[in-house]
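Worksheet: one structure, shown below.
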Amino acid sequence: GAGVSQSPSNKVTEKGKDVELRCDPISGHTALYWYRQRLGQGLEFLIYFQGNSAPDKSGLPSDRFSAERTGESVSTLTIQRTQQEDSAVYLCASSPGGGGLLGELFFGEGSRLTVL
Amino acid sequence: GQNIDQPTEMTATEGAIVQINCTYQTSGFNGLFWYQQHAGEAPTFLSYNVLDGLEEKGRFSSFLSRSKGYSYLLLKELQMKDSASYLCAVRDRNSGAGSYQLTFGKGTKLSVIP
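Taken in sequence, the protein lines are chains A and B.
The numbering of the first sequence is the working numbering, which starts it at 96 and goes up by one.
The numbering of the second sequence is the working numbering, which starts it at 261 and goes up by one.
The structure is reproduced here in structure tokens:
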């Protein structure tokens, strides 16, 4: 597709279950970001992938969170043993490159996670 | 890391001009972005500044002063559809990790009233 695609768009799960969120970036974009946005709050950085470099995981809130990316394509964000505080919209964004004069991020529509 | 501050909420009248300020502290500045986010939607790109000065794009302008760690977004001829959150984001060159992390402020919720 032409834009960043995320799935599922909505996910309701029970506390303690594992969830997997998927992001399909724009073709050719080497940079991929995951952010978390709680209701009424700003965007919280989680993790950043740039090409084949080691990802910047400095924003992951706990070891229950992990993310993978295969080359410059699909990324998955996994949350294990979900807690109610994990309820948020998880936004994925991709960018043509990590640096340079224009590193505009293109966002997906997000995956809304609700942990009961 | 970064510390990005912007007002939580602002209200302005249709047809008026509004300025949304953003201050930041970072060790490896590599650009400042403004994004617009309507309720329930994904953020969309508005502007980018890496050098000092004013960048104008239609009704929207963005200003940067790197020495002061300061930026503003100026919206002219406000329209009702401009009611949204405006997010200031700073890109930091984390030389240790070899990455360009983009950190967002908490956003300014702008309400445009008739």
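Yeah, the Cβ is synthetic: ideal placement off N, Cα and C, and Gly gets one too.
- Judged by beta-carbon spacing, B/Val-310 lies beyond the 8 Å limit of B/Ser-343, meaning their Cβ atoms are not closer than that value.
- The three-state reading of DSSP puts B/Glu-274 in coil, since its state is none of H, G, I, E or B.
- Chain-order list of chain B residues neighbouring A/Gly-137: Leu-347, Phe-364, Gly-365, Lys-366 and Gly-367, by C-beta distance under 8 Å.
- For B/Gln-339, no CB of chain A lies under 8 Å from its own CB, so it is not counted at the interface with that chain.
- When Cβ-Cβ separations below 8 Å define contact, B/Pro-303 makes contact with chain A.
- Residue A/Gly-111 holds the alpha-carbon nearest to the alpha-carbon of A/Ile-174 among A/Ser-102, A/Gly-111 and A/Asn-105.
- Annotation: B/Gly-313 to B/Asp-352 spans about 19 Å, alpha carbon to alpha carbon.
- Residue-level contact by beta carbon fails for B/Tyr-284 and chain A, as no gap is shorter than 8 Å.
- Sequence-distant partners of B/His-298 (beyond 5 residues in either direction) whose C-beta falls short of 7 Å from its own C-beta, in its chain, are Ala-344.
- The residues Asn-105 and Val-184, in chain order, have a CB closer than 6 Å to that of A/Arg-207 in the same chain once the five nearest residues on each side in sequence are set aside.
- For the beta strand (DSSP E) assignment, the uninterrupted runs of no fewer than 3 residues enclosed by the segment 264–341 of chain B are, from N- to C-terminal side, 269–273, 278–285, 289–297, 304–309, 313–317, 320–325 and 330–335.
- If you check the CB distance, B/Val-350 and B/Ile-264 come in under 8 Å.
- Taking a contact to require three or more Cβ pairs closer than 8 Å, the segment 123–130 of chain A and the segment 265–279 of chain B do not qualify as touching.
- Among the residues facing chain A, B/Gln-279 is not included, as its CB has no counterpart in that chain under 8 Å away.
- With a minimum length of 3 residues, the unbroken runs of beta strand (DSSP E) contained wholly in the segment 108–147 of chain A fall at 114–119, 126–132 and 139–145.
- B/Gln-361 sits in a strand when the DSSP states are folded into three classes.
- When DSSP reads this structure, A/Leu-186 sits in a beta bridge with A/Tyr-130.
- In the DSSP assignment, A/Lys-152 falls outside any beta strand (DSSP E), carrying neither H nor E.
- Under a criterion of Cβ atoms nearer than 8 Å, the residues of chain B adjacent to A/Phe-140 are, in order, Gln-361, Leu-362, Thr-363 and Phe-364.
- The bridge partners DSSP lists for B/Lys-369 are B/Glu-269 and B/Ser-345.
- For A/Glu-204, the closest Cβ of chain B is nearer than 8 Å.
- Distance check between B/Pro-374 and each of B/Met-270, B/Pro-303 and B/Glu-274 places B/Glu-274 closest, using alpha-carbon atoms only.
- According to DSSP, residue pairing for A/Gln-101 in a beta bridge involves A/Cys-118.
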